[in-house]
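K.L.:
Sharing a structure with you now.
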Amino acid sequence: MSEQPGDKQADWPPNDTDPAADRQEQANGEHTDTEEDRPQDPWAARRELYEHVPAAVSGSLIGGDQTGVSGGSVAGDVVMGTKVEHHYRFGVTTRTSGIIPSGEIDDLALVFAGYEELVHPLRERLCEERVLVLSGAPFTGRRSAALMLLRSLDAAPVRAVDPNTRPTALMDEVTGKSLGYLVCDLVTDREKPLRDIDLWAVRDALREKGAYLVVTVDLFANLQGVDAAEWRPPSPQAVLRSHLHARVLDPRKESELLALPLSREFLDRDDHQLREAAAFAEALAAHADGTITYEELKEVVPGLVREQVEEWFADDETLLRDKAFLISLAAFDEAAYALTAELSDALWSEFQRTEDAGREPRVGIFGTSITKRLRLSRAVEYSKEEHTEWGPVRQRMARFQEPGTAREILREVWTSHPSARPALLKWLRRLAQDGRPLVRTRAAVTAALLAKTDLASAMALLIEGWAKSKLYRDCLVAANALATAHAIEAPNIPQILRSWCDEDAEPRHRWTAVRAYALVGPRMPDEALEALAEAARTEGDEQEAEHIAESAALLLSDESAQVRSRVLRGLLELLREEPSGRRLALRAFVLACARADSRLLLRWYTEAATSGISEDAQRLALLWKAALGDLRYTADALKALAGWVWEADGDPQAERELAVLLPKLVDSTEDRKRLDHMLGRLRGRRGGDPPAVAGRLVAVLRSAAAPSAITGREVPMTTE
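Count the sequence shown with the working numbering and you get residues 4 to 723, in order.
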């Protein structure tokens with residue numbers, strides 16, 4: 004992918020309260036007319052945007068199916084007409100110490116039934132050693148397994164011990180009448196590791212009173228000399244079936260619930276947490292007894308994502324550096340892990356400045372674990388080839404398991420944690436100035452996602468600032484943000500773009516809107532072309548007129564034949580207008596012929612002419628004739644034709660397409676002479692002898708010429 008001239012890694016955006024920084028920002032804006040700030044080629048800019056948006060957005064942007072938030076489960080409110088509240092308790096106890104009610108353990112035994120084979124080896128070990136340390140990832144059912152182990156040994160009542168208890172103090176906790184003790188997620192670190200000698204002392208005390216202790220720890224607990232047992236959890240599918248079976252007593256109804264499309268979609272995936280499987284089973288049971296509708300059932304899985312995101316950012320257990328990584332991954336979902344990590348540390352620095360103003364941020368160079376980060380983020384790592392200007396490069400990528408997680412994170416941070424906004428805004432402004440196209444694109448996509456959540460703030464704090472910039476590159480980020488925002492159904496984007504095309508609009512606003520129309524146009528081609536025509540009627544300079552024509556040409560070279568047909572009809576109507584409409588129509592048409600990929604307009608004409616779509620064929624021929632006959636565009640039109648002739652040299656299909664088109668462009672002797680001259684003087688791409696196909700096409704022209712066709716009549720301006 005081509006970089007813009009002058010694309011360099013930019014410094015941090017200046018502090019808004021720093022006068023020196025303000026002066027520097029103004030100085031940066033003085034380079035508008037230099038070679039370093041010329042607008043990027045619009046075809047390359049569109050290609051970069053399409054290549055670098057995440058999959059959750061690309062379908063909407065390019066014109067595929069709308070991609071909404073999917074996955075996850077609203078453990079909060081689900082609003083469908085009237086407000087219905089569903090609260091899913093994720094199975095993590097809120098008690099830190101005390102006797103666990105026996106009814107809770109009995110209820111757990113009902114849904115845990117069938118997993119005896121998973122705990123049987125652990126039961127034998129616990130029975131023998133009295134103390135068992137159970138190691139596993141979070142939300143894999145370690146607590147449930149521990150309770151079932153204690154229940155299988157009749158160790159009741161069970162006392163929950165505070166996880167913040169120092170390992171050296173465990174001995175003091177196994178007193179009283181309880182026969183079962185449970186420490187969930189014991190907190191350990193370098194200063195207070197769990198050591199084998201701590202367990203030896205506890206083991207003797209437990210054996211004397213006939214009691215048992217289970218300690219659960221995560222995979223990164225600080226253990227010294229402890230032989231922890233690895234917990235291998237059941238699959239989410241098995242947990243869902245087990246919980247549903249315990250709640251729905253009718254086997255036929257249970258089978259019908261599991262056959263629902265939502266259930267099949269859930270069961271097809273292996274990356275759900277066990278607590279989510281339990282919550283979905285609870286929702287299915289509620290649907291079975293009529294408590295919730297099917298439409299409300301659809302909102303359960305997206306809501307679990309929202310609950311997970313709120314959990315990440317609402318508690319202090321998630322470190323600030325990890326929160327910065329989550330936000331960075333939300334912006335760079337499906338991008339290279341190294342890039343996500345690099346930019347997450349930049350965001351972490353800004354967060355530190357907010358939390359501890361006056362102190363320089365400290366970013367540790369080492370000490371982060373990829374595995375731990377991705378597990379916390381519920382993200383997966385994979386390998387993929389990424390396009391670069393140097394060719395494809397295989398990268399180590401990372402993405403969220405649930406496609407809707409990125410949107411939920413940005414929504415949560417932006418709306419629920421306003422103190423994070425200043426740092427987030429600085430970070431996004433820095434991304435917009437980065438020399439890497441992917442980074443700039445993701446800044447635009449992130450701004451678009453924020454605009455869907457809070458349009459007024461996103462416009463005022465980000466997008467308008469980029470659109471008013473004296474640097475074209477910033478304006479392009481604004482255009483990409485607005486186009487993406489419209490694709491994901493943020494409100495009022497068409498009105499914003501139209502107002503920026505008015506005669507009274509600021510020139511950079513108008514340029515931003517013109518570029519944005521090239522991207523949103525396929526969704527509203529008539530409105531886009533009308534707005535571009537309105538912009539063309541303003542008293543702009545030749546450079547602005549060229550930019551407007553480029554956007555119209557991009558619309559005319561859209562992949563959708565239906566969009567192209569509507570734009571073509573609009574261009575032919577503009578041909579009647581003098582002078583701005585005619586200039587826009589012909590320049591856009593010639594640009595599309597020269598720049599569209601794979602001879603798109605040539606193939607389009609041939610298909611239309613041979614498949615009975617005569618109106619499109621007639622309109623294309625009329626625009627060709629008008630361009631060839633207008634001295635301002637004759638040379639460029641002939642150059643576009645010459646490019647097709649070069650492609651036809653060695654490509655029989657292209658030669659056949661030209662053989663269909665060229666005779667239709669001849670209405671007079673002058674028309675035939677013009678094409679004869681172009682074909683006769685054409686040389687090979689690298690000079691030398693003319694391509695052989697040129698001679699064959701001359702013969703086609705001469706054989707097709709008839710006295711009745713060469714009358715010298717004027718080129719008609721409409722299809723009527």
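All residues carry an ideal CB built from backbone N, CA and C; glycine is no exception.
Since residue 287 contacts residue 260 with CB under 8 Å, what's their CB separation in whole angstroms?
P.N.:
Indeed they touch by this definition, with Cβ atoms about 5 Å apart.
K.L.:
Return the first residue and the last residue of the beta strand (DSSP E) that residue 462 is part of.
P.N.:
Unbroken run through residue 462: none, as it is neither H nor E.
K.L.:
Use the C-beta contact count for residue 372: other C-beta atoms within 10 angstroms, 16 or more gives buried, fewer gives exposed.
P.N.:
Exposed, because fewer than 16 other Cβ atoms sit within 10 Å of the Cβ of residue 372.
K.L.:
Considering just the uninterrupted stretch of the beta strand (DSSP E) at residue 2, what are its terminal residues?
P.N.:
Any property of residue 2 remains undetermined from this structure, which presents the chain solely from 4 to 723.
K.L.:
Could you give the distance in angstroms between the alpha-carbon of residue 531 and the alpha-carbon of residue 364?
P.N.:
When rounded, the distance between both Cα atoms is 47 Å.
K.L.:
In or out: residue 617 buried (at least 16 other Cβ within 10 Å) or exposed?
P.N.:
Classification for residue 617: exposed.
K.L.:
Does DSSP put residue 223 in a helix, in a strand, or in coil?
P.N.:
In the structure shown, residue 223 sits in coil (DSSP, three-state: anything other than H, G, I, E or B).
K.L.:
Express the C-alpha separation of residue 225 and residue 126 in angstroms, rounding to a whole number.
P.N.:
If you take the alpha carbons of residue 126 and residue 225, they lie about 24 Å apart.
K.L.:
Would you decide whether residue 384 is buried or exposed? Buried here means 16 or more other CB atoms lie within 10 Å of its CB.
P.N.:
Classification of residue 384: exposed, given that the 10 Å Cβ count is below 16.
K.L.:
Smallest Cα separation from residue 336: which of 57, 664, 483?
P.N.:
Among 57, 664, 483, the Cα nearest to that of residue 336 belongs to 57.
K.L.:
Identify the residues that DSSP records as bridge partners of residue 403: which are they?
P.N.:
In the DSSP output, where bridge partners are listed per residue, residue 403 has 382.
K.L.:
Quick one: give me the first and last residue of the alpha helix (DSSP H) that residue 266 is part of.
P.N.:
264-270 is the span of the alpha helix (DSSP H), which, as asked, contains residue 266.
K.L.:
Less than 7 Å between the C-beta atoms of residue 153 and residue 215, yes or no?
P.N.:
For residue 153 and residue 215, yes; Cβs fall inside 7 Å.
K.L.:
Tell me which same chain residues have a C-beta within less than 6 Å of the C-beta of residue 548, skipping the five on either side of it?
P.N.:
So the list is empty, once near-sequence residues are dropped.
K.L.:
Under a three-way DSSP split, which group does residue 233 fall into?
P.N.:
Residue state, collapsed to three classes: strand.
K.L.:
Between the alpha carbons of residue 554 and residue 502, how many angstroms are there, rounded?
P.N.:
Rounded to the nearest angstrom, the two C-alpha atoms are 17 Å apart.
K.L.:
So for residue 634, helix, strand or coil by DSSP?
P.N.:
In the structure shown, residue 634 sits in coil (DSSP, three-state: anything other than H, G, I, E or B).
K.L.:
DSSP state of residue 553, grouped into three classes?
P.N.:
If DSSP states are grouped into helix, strand and coil, residue 553 belongs with the helices.
K.L.:
If the criterion is Cβ atoms closer than 7 Å, does the pair residue 604 and residue 588 meet it?
P.N.:
Taking 7 Å as the Cβ cut-off, residue 604 and residue 588 do not qualify as a contacting pair.
K.L.:
With a threshold of 8 Å on Cβ separation, who are the neighbours of residue 327 within its own chain once the five nearest residues in sequence on each side are excluded?
P.N.:
Excluding residues within five positions, the ones whose Cβ falls inside 8 Å are 347, 348, 350, 351, 354.
K.L.:
State the Cα-Cα distance for the pair residue 52 and residue 148, rounded to the nearest angstrom.
P.N.:
Approximately 48 Å between the Cα atoms of the pair.
K.L.:
According to DSSP, is residue 398 part of a helix, a strand, or is it coil?
P.N.:
Strand at residue 398.
K.L.:
Kindly indicate the opening and closing residues of the alpha helix (DSSP H) around residue 700.
P.N.:
695-707 is the extent of the alpha helix (DSSP H) around residue 700.
K.L.:
Please list, in chain order, all residues of the same chain as residue 480 whose beta carbon is under 7 Å from its beta carbon, the five residues on each side excluded.
P.N.:
Within the same chain, residue 480 has close Cβ partners 435, 443, 446, 447, 469.
K.L.:
First and last residue of the alpha helix (DSSP H) that includes residue 331?
P.N.:
Per DSSP, residue 331 belongs to the alpha helix (DSSP H) from 323-334.
K.L.:
Measure the CB-CB distance between residue 168 and residue 201 and report whether it falls below 7 Å.
P.N.:
Not in contact: residue 168 and residue 201 (Cβ atoms no closer than 7 Å).
K.L.:
With a threshold of 6 Å on Cβ separation, who are the neighbours of residue 324 within its own chain once the five nearest residues in sequence on each side are excluded?
P.N.:
Cβ neighbours of residue 324 beyond the five flanking positions: 351.
K.L.:
Output the distance between the C-alpha atoms of residue 285 and residue 279, rounded to the nearest integer angstrom.
P.N.:
C-alpha separation (whole angstroms): 10 Å.
K.L.:
Determine, using beta carbons only, whether residue 647 and residue 661 come nearer to each other than 7 Å.
P.N.:
Yes, the Cβ-Cβ distance between residue 647 and residue 661 is below 7 Å.
K.L.:
Assess contact between the segment 522-540 and the segment 480-491, defined as three or more Cβ pairs (one per stretch) separated by less than 8 Å. Is contact present?
P.N.:
Touching, per the Cβ criterion.
K.L.:
How close, in whole Å, do the beta carbons of residue 232 and residue 342 come, if the pair is a contact with beta carbons under 8 Å?
P.N.:
Not quite, the Cβ-Cβ distance comes to about 38 Å (not below 8 Å), so this is no contact.
K.L.:
Identify whether residue 80 lies in helix, strand or coil by the three-state DSSP scheme.
P.N.:
Low local confidence applies: a pLDDT of 31 at residue 80 is under 50, so the model's placement there is unreliable, with the coordinate-based value given in what follows. Of the three classes helix, strand and coil, the one that applies to residue 80 here is strand, per DSSP.
K.L.:
Could you tell me whether the Cβ atoms of residue 162 and residue 102 are closer together than 7 Å?
P.N.:
Against a cut-off of 7 Å, the Cβ pair of residue 102 and residue 162 comes out as a contact.
K.L.:
Roughly how many angstroms separate the alpha carbons of residue 359 and residue 597, rounded to a whole number?
P.N.:
Cα-Cα distance, rounded: 56 Å.
K.L.:
Which residue from 696, 330, 247 puts its Cα closest to that of residue 653?
P.N.:
Among 696, 330, 247, the Cα nearest to that of residue 653 belongs to 696.
K.L.:
Tell me the rounded alpha-carbon separation between residue 438 and residue 190.
P.N.:
Those two C-alpha atoms are separated by around 43 Å.
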